[in-house]
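These notes concern the structure reproduced below.
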Amino acid sequence: MPTPAAAPMPDEWCLKDFDHLSHDLSAVFPETMDRMRTLCPVTHTGQHGGFWVVTKYGDVLNVAQDWESFSSAYGLAIPPSTTHVRNIPVEVDPPEQRVYKKLVNSHFTPKAIAGWEAPARALVTDLIDEFIERGECEFMDDFARPFPSLSFFKFALDAPTEDLDKVSFLASKASIPNDPIGKECWAGLSEWINGFVEQRRQRPPRGDVVDALLKAEFEGRPLTQKEIVGIVQLLILGGLETTAGALGLMLLRFSRQPEIPAYLRSHPERIPAGVEELLRLDGPFIAIARTATRDIELDGKQISKGDRVLIYWASANHDDAEFPNPKTFDIDRSPNRHLAFGAGPHRCLGSNVARLNMRIALEELLRRMDDIRLREDADIHFHSTLTRAPLHLPITFTPGPRSAPAV
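In this text, residue positions in the sequence shown follow our numbering: the first is 12, and each later residue adds one.
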C-alpha cells in the first residue's frame, strides 16, 4: 500500500513564504502541492526576491504555452543560475528557439535512436550483473545515475572510451542539485565539452548530432563555440538527473506498492503504458521558471511585467480536474496528458531517449529482480529544486545469477 500522507507545510508558509529550496519542503512535497492547489493555486512568495508559484494543471499549461507572455530567455531557475553558459535552446524564445531546436530534433526521433536499443540493453545488463548476486544495491549509485549518463555519452556523443567513466561522473555530480562538489564538476564538465568539440572538429564526420552542430548555421553564420557548448551541455545534463530521478522514484514506488511491479512483470507488454503513468505519478522534472514580459492576469491574480513565475509540472500531474483519482496508479488511464516532459515550445527534446531508456531499464530490472524492498535501515531523503530524486535508495531483492556471457 502507498505510504500514508504526511502533513503539508503550514498554510501561512504556502501563502506567503513558499521556498522551493527548503529542505522541509522536500520531505512533504506531494502533500504540500496538494494543499496549494486548493488553498492558493496562484500565489506570491517573498523568498529569493519574490516570485509567483503556479500549481494547477490549466494554469501551468497556459504559462508553458504562452511563451510571448512568459519568457524563458531570462533563466529557468530562481534564484538565477551562476553558470555562464546559456542552455540552448531552453533559454531562448521562439522564433530563434525553433531554429536551434530544429538543429538537433532529427537526431532524437524514435527512428533515429532505434539503433540504441540493443547496446542500451547490453549496458543495462552489465550494470545489473554488478549487483544481482548480492541481493542488494544502492540503486541510485549502482544503476539509476550511471545508466543514462553512460548511455548518452556512448550512443549520442560517441565519447572516447577512456573518457567515459570520468565524464559520466562529472556530469552526474554536476546535475545533482546542491552536491558538495557540484560546482567543481560543472567546471570540469564544461572543460571536457570544450575539448571534446575541438576534437570532433578534427575527426571525420559520423553524421551525429555533434556533426550537425559543427556544420550548422544560425542567421547566416556558423554557430559559435559557446553556442555549441551550450547545446551539448543541455543535451548532456537535461536527461541525466531527470532519468535517474525517474528510475529512483519508480523503484521507490515499487518497494511500497509491490502490486505494480508484479503486474508489469507478468504483463511486460504494458511497460510502456506503465512508464507513462509512473511519470505522471512521480515525474522527476517538477518545476521550471519563466519571466513575465507584460502585465497579465492569471487565475484572478495580477502578475506584473518582470515578475518571476515558477510553474509546477509535478503538481499539475496530480490535479483532479485533469486526472480522476490522481493518486492511483491506473495503467489504463486515457487520456493521460501528463506534463512530465513539460509543455509548449520548450517541451523536452530528449523525451524519446528518456522513454527508451526507462522502458529498457524496467524490462530488464523487473525480469531479473523480484521482491524489491527498501533496506530496513533506509532513510530516504530527496533533493527538490527544479528536479526531484532520492539522494540514495538502498534496496534489497531476491538474489539472481549474472547473465550468460555472449557467445
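C-beta atoms are modelled at their ideal positions from N, C-alpha and C, and glycine is treated no differently.
{"Item": "Got a sec? Which residues, its chain only, sit under 7 Å from F119 by beta carbon, not counting five neighbours each side?", "Value": "L360, G361, N363, V364"}
{"Item": "By Cβ distance below 7 Å, which residues in the same chain neighbour T396 in space, the five residues on each side in sequence not counted?", "Value": "H31, L32, P188"}
{"Item": "In or out: Q108 buried (at least 16 other Cβ within 10 Å) or exposed?", "Value": "buried"}
{"Item": "Hey, T56 and F29: beta-carbon distance below 8 Å or not?", "Value": "yes"}
{"Item": "I need the DSSP call for V221, collapsed to helix, strand or coil.", "Value": "helix"}
{"Item": "Once the 5 residues before and after P100 are set aside, which same chain residues still bring their CB inside 6 Å of it?", "Value": "Q108, Y111, K112"}
{"Item": "Please state whether DSSP places W324 in a helix, a strand or coil.", "Value": "helix"}
{"Item": "Helix, strand or coil, according to DSSP, for E228 in the structure here?", "Value": "strand"}
{"Item": "Cα-Cα, which of D330, G199, E173, L168 is closest to L181?", "Value": "G199"}
{"Item": "Select from I247, R348, Q244, D137 the residue whose C-alpha is nearest the C-alpha of R291.", "Value": "R348"}
{"Item": "Which value, in whole angstroms, describes the spacing of the CA atoms of C25 and H34?", "Value": "14 Å"}
{"Item": "The alpha helix (DSSP H) that contains I299, what's its start and end?", "Value": "Here I299 belongs to no alpha helix (DSSP H); instead the beta strand (DSSP E) covers 298-303."}
{"Item": "Leaving out five residues before and five after V240 in sequence, what residues of the same chain have Cβ atoms less than 8 Å from its Cβ?", "Value": "V96, S201, I204, N205, V208"}
{"Item": "Less than 8 Å between the C-beta atoms of A75 and A354, yes or no?", "Value": "yes"}
{"Item": "Buried or exposed: where does R145 fall if 16 or more other Cβ atoms within 10 Å of its Cβ makes it buried?", "Value": "exposed"}
{"Item": "Just tell me which of P21, F150, D45, T54 has its CA closest to the CA of L309.", "Value": "T54"}
{"Item": "Taking the C-alpha atoms as reference points, what is the distance between R399 and G256?", "Value": "6 Å"}
{"Item": "Which of the three DSSP states, helix, strand or coil, is assigned to K122?", "Value": "coil"}
{"Item": "Are the Cβ atoms of W78 and P105 separated by less than 8 Å?", "Value": "yes"}
{"Item": "Tell me whether Q244 is buried or exposed, calling it buried when 16 or more other Cβ atoms sit within 10 Å of its Cβ.", "Value": "buried"}
{"Item": "Name the DSSP bridge partner or partners of L385?", "Value": "I406"}
{"Item": "Could you check what DSSP says for S277 in three-state terms: helix, strand or coil?", "Value": "helix"}
{"Item": "Consult DSSP for V39 and reduce its assignment to one of helix, strand or coil.", "Value": "coil"}
{"Item": "E164 and L175 look like a contact to me (Cβ under 8 Å); what is the Cβ gap, rounded to whole Å?", "Value": "Residue identity differs from the one stated: residue 164 is Phe in this sequence, not Glu. About 6 Å separates the two Cβ atoms, so the contact holds."}
{"Item": "Can you tell me the Cβ-Cβ gap for P410 and I143, rounded? I've got them flagged as a contact below 8 Å.", "Value": "7 Å"}
{"Item": "Could you name each continuous alpha helix (DSSP H) segment of 4 residues or more that falls completely within the stretch 121-185, going from the start of the chain to the end?", "Value": "128-140, 157-162"}
{"Item": "Residue range of the beta strand (DSSP E) that S395 falls in?", "Value": "393-395"}
{"Item": "Got a sec, what are the start and stop residues for the alpha helix (DSSP H) F207 sits in?", "Value": "193-213"}
{"Item": "Determine the DSSP secondary structure at M12, reduced to helix, strand or coil.", "Value": "In this prediction, M12 has a pLDDT of 49, which is less than 50 and means its spatial position is unreliable; nothing more can be read from the coordinates."}
{"Item": "Could you say if the stretch 310-319 and the stretch 210-223 meet the contact criterion of at least three C-beta pairs nearer than 8 Å?", "Value": "no"}
{"Item": "If you run the structure through DSSP and keep just helix, strand and coil, what is F62?", "Value": "strand"}
{"Item": "Taking three-plus beta-carbon pairs below 8 Å as touching, is the stretch 227-234 in contact with the stretch 122-138?", "Value": "no"}
{"Item": "With DSSP as the reference, please indicate the residues paired to H55 in a beta bridge.", "Value": "W63"}
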